[in-house]
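Undergrad: Next up is a structure, given as structure tokens.
Numbering (the working numbering), first residue to last: 11 to 100.
Next up, the structure:
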């Protein structure tokens, strides 16, 4: 969808799932974490563009600054750590 410039459509699906609650958020984070760091960063950057097109704040969906997600939670955190990805190319 990103290759076809359907950022807003993909972001719409993300925001709908994200807004369903903590279990959905954890599943989204876990799914994204299975990819390599470069893909994660690119994917989050493109999702942030779509969320912005929907007039939403990317930070509300862990898309505020780029950094890879850990696959497993830390011992001090019961949930998957929340990453974020800001637009780095303007």
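Heads up, the beta-carbon is just placed ideally off N, CA and C, and yes, glycines get one too.
Quick caveat: nothing in here was measured; it's all calculated off a predicted structure.
1. Mark residue 33 as exposed unless 16 or more other C-beta atoms lie within 10 angstroms of its C-beta, in which case mark it buried.
2. Can you have a look at residue 72 and say buried or exposed, based on whether 16 or more other CB atoms are within 10 angstroms of its CB?
3. Once the 5 residues before and after residue 22 are set aside, which same chain residues still bring their CB inside 8 Å of it?
4. DSSP three-state label for residue 67, please.
5. Between which two residues does the alpha helix (DSSP H) harbouring residue 32 extend?
6. Are the CB atoms of residue 42 and residue 53 nearer to each other than 8 Å?
TA: Taking the structure as given:
1. Position 23 of the chain shown, counting from 1, holds the residue named residue 33. Answer is exposed; the Cβ neighbour count stays below 16.
2. Walking along the chain shown from the start, residue 72 turns up at place 62. Per the 10 Å Cβ criterion, buried.
3. Sequence index remark: in the chain shown, residue 22 carries index 12 (1-based). In chain order, 60 and 64 place their CB closer than 8 Å to the CB of residue 22, counting only its own chain and leaving out the 5 sequence neighbours on each side.
4. Residue mapping note: residue 67 aligns to position 57 of the chain shown, counting from 1. Here residue 67 carries a coil assignment [DSSP, helix/strand/coil].
5. Translated into the one-based positions of the chain shown, residue 32 becomes position 22. In this chain, the alpha helix (DSSP H) harbouring residue 32 covers 32 to 43.
6. Stepping through the chain shown from its first residue, residue 42 is reached at position 32. Stepping through the chain shown from its first residue, residue 53 is reached at position 43. Cβ atoms of residue 42 and residue 53: closer than 8 Å.
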